[in-house]
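Residue numbers (numbering that gives the first Met the number 0): 0 to 290. Where is the CB? At the ideal position from N, CA and C, for every residue including glycine. All figures in this text were calculated on a predicted structure; none of them were measured in a lab.
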Amino acid sequence: MCIRDSDSYIVSNVGIDSQGNAGNIDITTDSLSLTGGRIETVVNRTSGGGIGSTVSPGKGNGGDITIKARDIVITGAPFTLPIVGEGEKTFYSGSQINSSISRGTTGIAGDINITADNNLTLSNKSSLSSVLDLGATGRGGNIEIIASSLSLDNGVRVRTTTYGKGEQNSNELTGNGGNIKITVTGKATIARDSFIESNVESGGKGNGGNIDLTANSLSLTGGSAITSLIKGTSVDGTIVIPPSEGNGGDITINTHEITLDGFSEQSSTISQINTSVYQDAIGKAGEINIK
0 MCIRDSDSYI
10 VSNVGIDSQG
20 NAGNIDITTD
30 SLSLTGGRIE
40 TVVNRTSGGG
50 IGSTVSPGKG
60 NGGDITIKAR
70 DIVITGAPFT
80 LPIVGEGEKT
90 FYSGSQINSS
100 ISRGTTGIAG
110 DINITADNNL
120 TLSNKSSLSS
130 VLDLGATGRG
140 GNIEIIASSL
150 SLDNGVRVRT
160 TTYGKGEQNS
170 NELTGNGGNI
180 KITVTGKATI
190 ARDSFIESNV
200 ESGGKGNGGN
210 IDLTANSLSL
220 TGGSAITSLI
230 KGTSVDGTIV
240 IPPSEGNGGD
250 ITINTHEITL
260 DGFSEQSSTI
270 SQINTSVYQD
280 AIGKAGEINI
290 K
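Structure follows, in structure tokens:
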């Protein structure tokens, strides 16, 4: 099964200004190749209107995405642009598998479950994400990956991130990011500025999800990272976004061999496993357990 370029996609969404649940997406195939396309279930935002608007915000739950195949390749579609002094340079439009609750809406994001009997490869700015967006109410979905080998390379993101807030009329802080569970019987390689992350971003109120990775061996190189961060104040143009509030998730790694080496030439950050609370954020960092 092949899905190519940014105009190719499989989606099950709750439309703008709509209320209801998105359906599940279930794919079983011998092999899957996703190049620049997307597979998603999203509860979309309201069309807006500002103060006094009579438009109801979008509301509903995202559907689950389940993919089972022998081999799965998820990569970005290349394109070139002229750069002054450098000639033509290659960039990538990353593929996306996404289950999210959009800005200003209410709901629970669906889970993403991916099983590759042999190899799962993500590369070139591609992403697996379940996000509770800024101003959204609810909680993010979980991501689970099962594979014989796993390769994340060149700007890949596997993330369950919350920018949002807790469910209304709830006594609990439930604007939480989902958990990430990765089980690899062989080698897991995370390279060239690729991340596995469950962060509470600026403006978010909730807890980061836990990250649980099991592999025979694990390699993080080229500024790649596994993180659970509670972010501080940030600025988006002229808008100041307040610090986040919540606790970071725990990172648990079960492996016989682990390697951390190198740094990112783009961001100058080192390869790392990190749970932190940023300056002026409110909360407690999660624990790191390597077994």
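Taking the alpha-carbon of residue i as reference, which of the options has the nearest alpha-carbon?
i    : options                : result
D63  : A284, N273, G139       : G139
H255 : L212, V234, S267, N246 : L212
I240 : S270, G222, E200       : E200
T104 : L219, D235, N20        : N20
N215 : I181, G203, Q265, G22  : I181
I24  : I111, G207, C1, L217   : I111
E286 : D235, S227, D260       : S227
N273 : G22, E244, I229, N253  : I229
D6   : I26, L33, D29          : L33
G221 : I210, N209, S263, T251 : S263
G22  : P77, T79, D29, N12     : N12
N288 : S150, I96, I257, A190  : I257
R69  : L80, T28, S99          : T28
P242 : S218, A280, S267       : A280
T159 : N123, V83, S99         : S99
S233 : S270, Y277, V72        : Y277
T74  : L80, N198, D4          : D4
E143 : T237, S267, I195, P81  : I195
For residue i, which residues in the same chain have their Cβ closer than 6 angstroms to its Cβ, ignoring the five residues on either side in sequence?
i    : result
S148 : N118, G185, K186
T292 : One cannot answer for residue 292 here, as it falls past the ends of the chain, which runs 0 to 290.
V10  : E39
A8   : Looking at the sequence shown, residue 8 is not Ala but Tyr. Only G36, R37 meet the Cβ criterion.
L151 : L121, I189, S193
K290 : N253
Q271 : A224
I2   : L33, G36
So, under 8 angstroms CB-CB, residue i and residue j are touching, yes? Tell me the CB distance rounded to an integer number of Å.
i    : j    : result
S223 : D249 : Incorrect: roughly 19 angstroms between the Cβ atoms, too far for contact.
R37  : S94  : 6 angstroms
G109 : G61  : 4 angstroms
G231 : S197 : About 17 angstroms separates the two Cβ atoms, so there is no contact after all.
T65  : P77  : At roughly 29 angstroms, the Cβ-Cβ gap does not stay under 8 angstroms, so T65 and P77 are not in contact.
G207 : G245 : 7 angstroms
What does a CB cutoff of less than 8 angstroms around residue i pick up in its chain, not counting 5 residues either side in sequence?
i    : result
K164 : G134, A135, T136, G174, G203, K204, G205
For the beta strand (DSSP E) that contains residue i, what are its first and last residues?
i    : result
Q271 : 271 to 276
A280 : Per DSSP, A280 belongs to no beta strand (DSSP E) and is neither H nor E.
T65  : 64 to 68
G137 : 136 to 138
T237 : Per DSSP, T237 belongs to no beta strand (DSSP E) and is neither H nor E.
D260 : 250 to 260
K180 : 179 to 190
Can you name, in chain order, every residue of its own chain whose Cβ lies under 7 angstroms from the Cβ of residue i, other than the five neighbours on each side?
i    : result
G14  : N43
R102 : R44, D132, L133, G134, A135
S92  : S5, G35, G75, A76, F78
Completely contained beta strand (DSSP E) runs for the region 72 to 128, where each covers 3 or more residues: 76 to 82, 86 to 92, 95 to 100, 105 to 107, 111 to 122
Residue ranges of each beta strand (DSSP E) within the region 2 to 35, 3 or longer: 8 to 10, 24 to 27, 30 to 34
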